[in-house]
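S.K.:
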Amino acid sequence: MKNIVLCFDQAGGHSGSGAQTNTKALSALLDDAGQLTWYHCGRKLPMHRRATAVAEARATVVEAYNVLRDAWKPGDQIFVFGAASGGHLAGELANLLGTVGLVPATFDDPLGLVDYALSTYVLPRTPRSDQDWRRVSAVTAGLLGDGTSAVPVRFLGLWDAAAIPGTPGDPGLLANVEGGRHAVAIDAPHRAMHHGARLDEVWFRGSHCDVTGGRGACMPLAELALDWVLDGAVAAGLQVRERDFTAGDVEALAGSSPTIGIRRVPLDAEVHASVGVYLRSHPKYWRRFPARIRWADTEWSARGERLARVAGHASATDAPRCVELTAVAS
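Okay, so the sequence shown: first residue is 48 according to my numbering, each after it adds one.
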């Protein structure tokens, strides 16, 4: 058995700006022993041409799906990560594995049913209900003749997922996702994507880039979001090298990036406990919140003892090719 780790970055994930996205930072921490790693840096999507943007995003998901078709065997554990638009693609892949399933590369497909399924059910243009997805799953299972088409995703980790323009932004059923975490930015300008009960969704202080990392981000805040998602993934079995970051009050008090708009935090939202440190020094920030919230990850400042200590992230100059596939050590 092995871990298969697929990382979808936002556009320009290693653009050389000196600030890594959290997806890139996580990929640099992965231990190659017993793990197969695939990383995609993200394409710059032409927002003024939505059809092209959707087609290019779909091609990225299909590329990752084909990696799994070649590499996955029963018993392997699948980990999927994504930031911003890459978070949407990560969710799409997870939903695809739970509905269409993973058709073996050796499957005899003279009618091109696999290509049809991928072109139809990856990033659909119109919303699909839970019942629609269940029908897709039943049809696929019948074609494969195995009674079920779902392939489990051990962990889905997201940083402020953002919908691809021209799509409904519906993450689908995700019934095959065994666990996951989604770090959501409190001060981002666009609508947040929600993934229901399958993922733990926790709100973090900062703008969109402060949670995803990358160009323009306040990196101490981005580290807090990285640390939380990484903690959940390690608990699920992800293998990482040691890292030297230990979250504390210094990171929690860091200044955030300028914001254009402010999201509405829902009632009873789970808010990361590091925000409480900031509120003690900046009580006016309470205006961002509804009448009732719940604190999450109250042991965050002690996590350095649980997560492995590492020698730091790879530098931006060591960035890999746009698509990187690291083979399992033999």
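We put the beta carbon where it would ideally sit given N, CA and C, even for glycine.
Please classify E289: does DSSP put it in a helix, a strand, or coil?
M.R.: By 1-based counting over the sequence shown, the position of residue 289 is 242. When secondary structure is reduced to three states using DSSP, E289 falls in the coil class, being assigned neither helix nor strand.
S.K.: If you check the beta carbons only, do H255 and D315 fall under 8 Å apart?
M.R.: One-based indexing of the sequence shown puts residue 255 at position 208. One-based indexing of the sequence shown puts residue 315 at position 268. No, the pair does not count as a contact, with Cβ atoms beyond the cut-off.
S.K.: What does the Cβ neighbour count give for W180, buried or exposed, with the cut at 16 atoms within 10 Å?
M.R.: The residue labelled residue 180 in the question sits at position 133 within the sequence shown. It is buried - the Cβ of W180 has at least 16 other Cβ atoms within 10 Å.
S.K.: Can F251 and L271 be called in contact, C-beta distance under 8 Å?
M.R.: On the sequence shown, position 204 is the one that residue 251 refers to. On the sequence shown, position 224 is the one that residue 271 refers to. Yes, the Cβ-Cβ distance between F251 and L271 is below 8 Å.
S.K.: What number of angstroms, rounded off, separates the C-alpha of A294 from the C-alpha of S348?
M.R.: Taking the sequence shown and counting its residues from 1, one reaches residue 294 at position 247. Taking the sequence shown and counting its residues from 1, one reaches residue 348 at position 301. So the two alpha carbons sit approximately 5 Å from each other.
S.K.: On the premise that G204 lies in contact with G227, defined as a C-beta separation below 8 Å, what is that separation, rounded to the nearest angstrom?
M.R.: Residue numbering aside, residue 227 sits at position 180 when the sequence shown is read from its first letter. Residue numbering aside, residue 204 sits at position 157 when the sequence shown is read from its first letter. Yes, G227 and G204 are in contact; Cβ-Cβ is about 6 Å, under 8 Å.
S.K.: Does the Cβ-Cβ distance between G122 and N223 come in under 8 Å?
M.R.: Within the sequence shown, residue 122 is the residue found at index 75, counting from 1. Within the sequence shown, residue 223 is the residue found at index 176, counting from 1. In this structure, G122 sits away from N223, with a CB-CB distance that is not shorter than 8 Å.
S.K.: Between the alpha carbons of L140 and L277, how many angstroms are there, rounded?
M.R.: Counting from one through the sequence shown, the residue named residue 140 turns up at place 93. Counting from one through the sequence shown, the residue named residue 277 turns up at place 230. Taking the straight line joining both Cα atoms gives about 20 Å.
S.K.: I want to know whether the region 207-218 touches the region 129-136 - three or more CB-CB distances under 8 Å.
M.R.: yes
S.K.: For D247, which residues does DSSP report across the bridge?
M.R.: Along the sequence shown, one-based indexing puts residue 247 at 200. In DSSP, D247 forms a bridge with R228.
S.K.: With E346 as the anchor, note down where its beta strand (DSSP E) starts and where it stops.
M.R.: In the sequence shown, the residue the question calls residue 346 occupies position 299. No beta strand (DSSP E) holds E346; DSSP gives it neither H nor E.
S.K.: Pull up the distance between the alpha-carbon of D117 and that of A152, whole angstroms please.
M.R.: Position 70 of the sequence shown, counted from the first residue, corresponds to residue 117. Position 105 of the sequence shown, counted from the first residue, corresponds to residue 152. Taking the straight line from one Cα to the other gives about 6 Å.
S.K.: Using a 10 Å radius around the Cβ and a threshold of 16 neighbouring Cβ atoms, would you call K120 buried or exposed?
M.R.: Walking along the sequence shown from the start, residue 120 turns up at place 73. Using a 10 angstroms sphere on the CB of K120, the tally of other CB atoms stays under 16, which defines it as exposed.
S.K.: Thinking C-alpha only, which one of Q82, D79, F128 is nearest G89?
M.R.: One-based indexing of the sequence shown puts residue 89 at position 42. When Q82, D79, F128 are compared, the shortest CA-CA separation from G89 is found for F128.
S.K.: Which residues bound the alpha helix (DSSP H) around T146?
M.R.: The residue you call residue 146 lines up with position 99 of the sequence shown. From DSSP, the alpha helix (DSSP H) with T146 extends over 132-146.
S.K.: Between the Cα of R245 and those of T214, H229, Q82, spot the shortest distance and give me the residue it belongs to.
M.R.: Counted from its first residue, the sequence shown places residue 245 at position 198. The shortest Cα separation from R245 among T214, H229, Q82 belongs to H229.
S.K.: Just to confirm my understanding: we take R335, look at its own chain, exclude 5 residues before and 5 after, and list those with CB closer than 8 Å. What are they?
M.R.: The residue you call residue 335 lines up with position 288 of the sequence shown. Excluding residues within five positions, the ones whose Cβ falls inside 8 Å are I233, D234, I309, V312.
S.K.: Given a cut-off of 8 Å, decide if F202 and A283 are closer than it, judged by their beta-carbon atoms.
M.R.: Looking up residue 283 in the sequence shown gives position 236. Looking up residue 202 in the sequence shown gives position 155. For A283 and F202, yes; Cβs fall inside 8 Å.
S.K.: Whose C-beta lies closer than 7 Å to the C-beta of R356 among residues of the same chain, with five residues either side of it excluded?
M.R.: The residue given as residue 356 occupies position 309 in the sequence shown. Any reading at R356 must be qualified, since the residue scores a pLDDT of 46, below 50, and its modelled position is unreliable; the value itself is stated next. For R356, where only same-chain residues beyond five positions count, the Cβ hits under 7 Å are E289, R290, D291.
S.K.: Distance, Cα to Cα, R350 vs W275?
M.R.: Here residue 350 refers to the residue found at position 303 when the sequence shown is read from its first residue. Here residue 275 refers to the residue found at position 228 when the sequence shown is read from its first residue. One C-alpha to the other measures close to 9 Å.
S.K.: If we call anything under 8 Å between Cβ atoms a contact, is V297 one with I211?
M.R.: Taking the sequence shown and counting its residues from 1, one reaches residue 297 at position 250. Taking the sequence shown and counting its residues from 1, one reaches residue 211 at position 164. Cβ distance not < 8 Å, so V297 and I211 don't count as in contact.
S.K.: On the criterion of 16 or more Cβ atoms from any shown chain inside 10 Å, does M48 qualify as buried, or is it exposed?
M.R.: Looking up residue 48 in the sequence shown gives position 1. Classification for M48: exposed.
S.K.: What residue from T345, R175, Y112, G213 has the CA that sits closest to V249's CA?
M.R.: On the sequence shown, position 202 is the one that residue 249 refers to. The candidate whose alpha carbon is nearest that of V249 is T345.
S.K.: Tell me whether N223 sits in a helix, a strand or coil according to DSSP, three-state version.
M.R.: Counted from its first residue, the sequence shown places residue 223 at position 176. Reduced to three states, the DSSP call for N223 is coil.
S.K.: What does a CB cutoff of less than 6 Å around D217 pick up in its chain, not counting 5 residues either side in sequence?
M.R.: The sequence position of residue 217 within the sequence shown is 170, counting from 1. Excluding residues within five positions, the ones whose Cβ falls inside 6 Å are P174.
S.K.: Cutting at 7 Å between CB atoms, please list the residues of its own chain near L149, excluding the five before and the five after it.
M.R.: For the purposes of this step, residue 149 is identified with residue 102 of the sequence shown, where counting begins at 1. These residues qualify, in order along the chain: L115, R116, W119, V198.
S.K.: Mind reading off the beta-carbon distance from H87 to F55? Whole number of angstroms is fine, and I expect it under 8 Å.
M.R.: For the purposes of this step, residue 87 is identified with residue 40 of the sequence shown, where counting begins at 1. For the purposes of this step, residue 55 is identified with residue 8 of the sequence shown, where counting begins at 1. Indeed they touch by this definition, with Cβ atoms about 6 Å apart.
S.K.: Would you please state the rounded distance, in angstroms, between the beta carbons of V231 and L165? I believe it to be under 8 Å.
M.R.: The sequence position of residue 231 within the sequence shown is 184, counting from 1. The sequence position of residue 165 within the sequence shown is 118, counting from 1. The pair is not a contact, with the Cβ atoms about 29 Å apart (cut-off 8 Å).
S.K.: Output the boundary residues of the alpha helix (DSSP H) element that contains A164.
M.R.: What you label residue 164 is simply residue 117 of the sequence shown in a count that begins at 1. A164 -> alpha helix (DSSP H) spans 160-168.
S.K.: Who are the near neighbours of G263 in its chain, counting only those whose CB is closer than 7 Å to its CB and skipping five residues on each side?
M.R.: As a position in the sequence shown, residue 263 is number 216, starting the count at 1. Within the same chain, Cβ atoms closer than 7 Å to the Cβ of G263 are found at C256, S304, the five residues on either side in sequence being excluded.
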